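Q:
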Amino acid sequence: MNAPLLAATGISKTYANGSRRVAALDQASVAVTHGQTLGLVGSSGSGKSTLARILLRLIEPDAGRIDFAGVDLLSLRGEKLRAIRRHIQMVFQDPLSAFNPRATVGSALADPLRIHAIANPSELRAAVADLLERVGLGPALALRAIHEISGGQRQRVAIARAIATKPDLIVLDEALSALDVSVRGKILDLLVDLQREHGIAYIFVSHDLAVVRAISHRIAVMDAGQIVEHGPARDVVANPQSAAGRALVAAVPRLRLNA
Ligand code: ADP
Numbered sequence: 000m001n002a003p004l005l006a007a008t009g010i011s012k013t014y015a016n017g018s019r020r021v022a023a024l025d026q027a028s029v030a031v032t033h034g035q036t037l038g039l040v041g042s043s044g045s046g047k048s049t050l051a052r053i054l055l056r057l058i059e060p061d062a063g064r065i066d067f068a069g070v071d072l073l074s075l076r077g078e079k080l081r082a083i084r085r086h087i088q089m090v091f092q093d094p095l096s097a098f099n100p101r102a103t104v105g106s107a108l109a110d111p112l113r114i115h116a117i118a119n120p121s122e123l124r125a126a127v128a129d130l131l132e133r134v135g136l137g138p139a140l141a142l143r144a145i146h147e148i149s150g151g152q153r154q155r156v157a158i159a160r161a162i163a164t165k166p167d168l169i170v171l172d173e174a175l176s177a178l179d180v181s182v183r184g185k186i187l188d189l190l191v192d193l194q195r196e197h198g199i200a201y202i203f204v205s206h207d208l209a210v211v212r213a214i215s216h217r218i219a220v221m222d223a224g225q226i227v228e229h230g231p232a233r234d235v236v237a238n239p240q241s242a243a244g245r246a247l248v249a250a251v252p253r254l255r256l257n258a
């Protein structure tokens, strides 16, 4: 088998809140293959966001190792870390907090193209229109402010910004959780299409096993900071081996029928 695109091994993290210490992650290990989706599922507080943020180098683990495309990710600093950020993008639950709400959609999409020298100034307008088209939005949206557009449009813009740098991996943390069911379905379809077209790998974090099942090739189940189960999505849903996996499957009975 090919080496995974990203492999995180033995990741531990304890938060200190004054005298209280919270062991958020305890020796968690996950891997994702090029062009595939790893679903990371678990109840609230199980450690999903902490792991996602560590993979993005937004917070530092206390222990563990992350290999990304043959690079020891945790050893990178300064310019080398900035350079690799282009290849690992992110989409969070609340895109309003991820953007300057007063910025126009056009400038929010032009920024990464400029910063990473993907388009020169004369090409920017066309490159922004192309990104909007790829996520199913018209070019006129470029002139609107981020705070004026709908939640579904904003999440499409967040996805457009994530794909702007042609990443190998996008980490999506509860990215569809705030959206209406119908909008969520359309954006799931969009993510699948973009993955097929561009070969992007996703780490898709959610408390909702039904959504995770719809997009994932493999699923890792988290409970109390540990990965308690990790396998092909179909197997995890049809025959969960862990108590946490069984509880998540029991919460969505129709899943078993379709597994
Ligand atoms: P999930 O994403 O699965 O809901 P989190 O990674 O957000 O889980 O949280 C895991 C544990 O770490 C929880 O007990 C949570 O309360 C705690 N935690 C998360 N962030 C912090 C923080 N910044 N400071 C202290 N404790 C935190």
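Position one of the sequence shown corresponds to residue 0 (numbering that gives the first Met the number 0), numbered consecutively onward. Note that beta-carbon positions come from the ideal geometry of N, C-alpha and C, so glycine has one too. What you are looking at is a predicted structure, and each value in this text was computed from that prediction instead of being measured.
(1) Should Ser121 be counted as a contact of ligand 1 given a C-beta to heavy atom distance under 7 Å?
(2) Can you give me the start and stop residues for the beta strand (DSSP E) that Ser11 sits inside?
(3) So the beta strand (DSSP E) Ala200 belongs to, where does it begin and stop?
(4) Between the Cα of Pro138 and those of Leu4, Ala118, Gly150 and Ala159, spot the shortest distance and give me the residue it belongs to.
(5) Under 8 Å, do Gly44 and Val211 count as touching if we go by C-beta distance?
(6) Which of the three DSSP states, helix, strand or coil, is assigned to His146?
(7) Nearer than 7 Å: is that true of the beta carbon of Ser11 relative to any heavy atom of ligand 1?
(8) Considering only residues of the same chain and omitting the five flanking positions on each side of Leu57, which have a CB-CB separation below 6 Å?
(9) Are there 16 or more other CB atoms within 10 angstroms of the CB of Glu228, so buried, or fewer, so exposed?
(10) Distance, Cα to Cα, Gly135 vs Asp129?
(11) Since Val235 and Ile218 are thought to touch, with beta carbons under 8 Å apart, how far apart are those beta carbons, to the nearest angstrom?
(12) Count the other CB atoms, across all protein chains shown, that sit within 10 Å of the CB of Pro94; report buried if there are 16 or more and exposed otherwise.
(13) Closer than 7 Å to a non-hydrogen atom of ligand 1 - does that hold for the CB of Thr49?
(14) Got a sec? Which residues, its chain only, sit under 8 Å from Arg101 by beta carbon, not counting five neighbours each side?
(15) Quick one: is the Cβ of Gly244 within less than 7 Å of any heavy atom of ligand 1?
(16) Can you name, in chain order, every residue of its own chain whose Cβ lies under 6 Å from the Cβ of Ala141, other than the five neighbours on each side?
(17) Would you say the beta carbon of Ser28 comes nearer than 7 Å to a heavy atom of ligand 1?
(18) In its own chain, which residues sit with a C-beta less than 6 Å from the C-beta of Ala109, not counting the 5 before and 5 after it?
(19) Check each candidate in Asn1, Val21, Asn16 and Phe91 and name the one with the smallest Cα separation from Gly150.
(20) State the Cα-Cα distance for the pair His115 and Thr164, rounded to the nearest angstrom.
(21) With 16 other CB atoms within 10 Å as the buried threshold, where does Lys79 fall?
(22) Mapping DSSP to helix, strand and coil, what is Glu228?
(23) Hey, does Leu54 have any beta-carbon neighbour from chain B nearer than 8 Å?
(24) Less than 7 Å between the CB of Val236 and some heavy atom of ligand 1, yes or no?
(25) Does the distance from the CB of Leu178 to the CB of Ile169 come in under 8 Å?
(26) Counting C-beta neighbours from all protein chains within 10 Å, is the total for Gln334 16 or more, i.e. buried, or is it exposed?
(27) For my contact list, Leu55 and Val31 are in at a C-beta cut-off of 8 Å; report their separation, rounded to the angstrom.
(28) Which one or two residues does DSSP pair with Val90 in a beta bridge?
A: According to the structure data:
(1) Along the sequence shown, one-based indexing puts residue 121 at 122. Ser121: no, Cβ never under 7 Å from ligand 1.
(2) In the sequence shown, counting from the first residue as 1, residue 11 sits at position 12. From DSSP, the beta strand (DSSP E) with Ser11 extends over Leu5 to Asn16.
(3) Numbered from 1 along the sequence shown, position 201 holds the residue referred to as residue 200. Unbroken beta strand (DSSP E) run through Ala200: Ala200 to Ser205.
(4) The residue you call residue 138 lines up with position 139 of the sequence shown. Comparing Cα-Cα distances from Pro138 to each of Leu4, Ala118, Gly150 and Ala159, the minimum goes to Ala159.
(5) As a working note, residue 44 is residue 45 in the sequence shown. As a working note, residue 211 is residue 212 in the sequence shown. Val211 is positioned such that its CB atom lies no closer than 8 Å to that of Gly44.
(6) What you label residue 146 is simply residue 147 of the sequence shown in a count that begins at 1. If DSSP states are grouped into helix, strand and coil, His146 belongs with the helices.
(7) One-based indexing of the sequence shown puts residue 11 at position 12. Residue side-chain check: Ser11 keeps its Cβ at 7 Å or more from all non-hydrogen atoms of ligand 1.
(8) Your numbering for residue 57 matches position 58 in the sequence shown. Around Leu57, the same chain offers no residue with a beta carbon nearer than 6 Å, after the five sequence neighbours per side are excluded.
(9) Taking the sequence shown and counting its residues from 1, one reaches residue 228 at position 229. Buried is the label assigned to Glu228, since at least 16 other Cβ atoms lie within 10 Å of its Cβ.
(10) Along the sequence shown, read from residue 1 onward, the residue named residue 135 stands at position 136. Along the sequence shown, read from residue 1 onward, the residue named residue 129 stands at position 130. Approximately 10 Å between the Cα atoms of the pair.
(11) Within the sequence shown, numbered from 1, the residue matching residue 235 stands at position 236. Within the sequence shown, numbered from 1, the residue matching residue 218 stands at position 219. The beta carbons of Val235 and Ile218 sit about 4 Å from each other, so the pair counts as a contact at 8 Å.
(12) Looking up residue 94 in the sequence shown gives position 95. Classified as buried, Pro94 has 16 or more neighbouring CB atoms from the shown chains inside 10 Å of its CB.
(13) Indexing the sequence shown from 1 puts residue 49 at position 50. Yes, the Cβ of Thr49 comes within 7 Å of a heavy atom of ligand 1.
(14) Walking along the sequence shown from the start, residue 101 turns up at place 102. Counting only Cβ-Cβ distances below 8 Å, and skipping sequence neighbours, we find Ala144, Ile145 and His146.
(15) Sequence index remark: in the sequence shown, residue 244 carries index 245 (1-based). Remark: the C-beta of Gly244 is outside contact range of ligand 1, defined as less than 7 Å to any heavy atom.
(16) The residue labelled residue 141 in the question sits at position 142 within the sequence shown. The answer, listed in chain order, is Val104, Gly105 and Val127.
(17) As a first step, residue 28 is located in the sequence shown; it is residue number 29 there, counting from the start. No, ligand 1 has no heavy atom inside 7 Å of this Cβ.
(18) What you label residue 109 is simply residue 110 of the sequence shown in a count that begins at 1. Excluding sequence neighbours, Ala109 sits near Leu123 and Val127.
(19) Here residue 150 is taken as the residue at index 151 of the sequence shown, counted from 1. Taking only the C-alpha atoms, the option nearest Gly150 is Phe91.
(20) The residue given as residue 115 occupies position 116 in the sequence shown. The residue given as residue 164 occupies position 165 in the sequence shown. For His115 and Thr164, the distance between alpha carbons rounds to 7 Å.
(21) As a position in the sequence shown, residue 79 is number 80, starting the count at 1. With a 10 Å radius around the Cβ and a threshold of 16 neighbouring Cβ atoms, Lys79 comes out exposed.
(22) Taking the sequence shown and counting its residues from 1, the one referred to as residue 228 is at position 229. Three-state DSSP puts Glu228 in a strand.
(23) No chain B appears in this structure, which consists of one protein chain only.
(24) Translated into positions along the sequence shown, residue 236 becomes position 237. It does not: the Cβ of Val236 is nowhere closer than 7 Å to a heavy atom of ligand 1.
(25) Taking the first residue of the sequence shown as position 1, residue 178 is located at position 179. Taking the first residue of the sequence shown as position 1, residue 169 is located at position 170. No, Cβ-Cβ distance for Leu178 and Ile169 is not below 8 Å.
(26) The structure shown has nothing for residue 334, since the chain only spans 0 to 258.
(27) Taking the first residue of the sequence shown as position 1, residue 55 is located at position 56. Taking the first residue of the sequence shown as position 1, residue 31 is located at position 32. In this structure Leu55 does not touch Val31 by the C-beta definition: roughly 13 Å separates them, more than the 8 Å allowed.
(28) Sequence index remark: in the sequence shown, residue 90 carries index 91 (1-based). According to the DSSP secondary-structure assignment, Val90 is paired through a beta bridge with Leu171.
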